[in-house]
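Trainee: Take a look at this one; I'll ask things after.
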């Protein structure tokens, strides 16, 4: 789920975007634009973070069991997961702090909120998931 448009994601990620399950990818900016074009102003107001809209939309395409990990980089992301869990208690938070103005404050925020996984960068996630899968990290 991204608050940005698909076009922005394509520009940023290039061909890597094709590695993601397109049924699970939500581009909130595009949904807001569509709602506004259709004259649905009130609906569009409810799409942005920290609304759980994007997570709940992606969940509909996900398998019906198991937890869903959302990796964010802000307090709004934590609030979004908290709100999504009020509807469907399947979400857990992960956090990345490397791009924050104050990384130590963001790490503290994540730790104070019992975030499942904390990494400096999304580039660290593959290695962390591999370590978890191999039982090196619990």
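Residue numbers (the working numbering): 1414 to 1551.
Beta carbons: idealized from backbone N, C-alpha and C, even for Gly.
Taking C-alpha atoms, which residue in 1424, 1499, 1415 lies nearest to residue 1441?
Mentor: Checked all of 1424, 1499, 1415; the closest Cα to residue 1441 is 1415.
Trainee: When the distance is taken between beta carbons, is residue 1419 closer than 7 Å to residue 1443?
Mentor: Result yes, Cβ atoms of residue 1443 and residue 1419 sit closer than 7 Å.
Trainee: Over the uninterrupted beta strand (DSSP E) stretch that includes residue 1532, give me the two end residues.
Mentor: Residues 1530–1532.
Trainee: Looking at the structure shown, is residue 1427 part of a helix, part of a strand, or coil, going by DSSP?
Mentor: DSSP places residue 1427 in helix when its eight states are reduced to three.
Trainee: Once you ignore the five residues that flank residue 1528 on each side, which residues in its own chain have a CB closer than 7 Å to its CB?
Mentor: These residues qualify, in order along the chain: 1506, 1507, 1508.
Trainee: Three or more beta-carbon pairs under 8 Å between the stretch 1486–1498 and the stretch 1457–1468, yes or no?
Mentor: These segments touch.
Trainee: Just the Cα atoms here: how many angstroms apart are residue 1417 and residue 1526?
Mentor: Roughly 25 Å separates the two Cα atoms.
Trainee: Would you identify the three-state DSSP class for residue 1452, choosing helix, strand or coil?
Mentor: In the structure shown, residue 1452 sits in coil (DSSP, three-state: anything other than H, G, I, E or B).
Trainee: In three-state DSSP terms, what is residue 1483?
Mentor: Three-state DSSP puts residue 1483 in a strand.
Trainee: Just the C-alpha distance for residue 1513 and residue 1430, rounded to the nearest angstrom, thanks.
Mentor: Approximately 24 Å between the Cα atoms of the pair.
Trainee: If contacts are defined as beta-carbon pairs under 8 Å, then residue 1463 and residue 1489 qualify, I think. What distance do you get, rounded to the angstrom?
Mentor: That pair is a contact at about 4 Å.
Trainee: Find the nearest neighbour of residue 1502 within the set 1510, 1530, 1524, 1472, judged by alpha-carbon distance.
Mentor: Nearest of 1510, 1530, 1524, 1472 to residue 1502, Cα basis: 1472.
Trainee: Looking at C-alpha atoms only, which residue of 1476, 1477, 1474, 1504 is the closest neighbour of residue 1483?
Mentor: Of 1476, 1477, 1474, 1504, the residue nearest in Cα terms is 1504.
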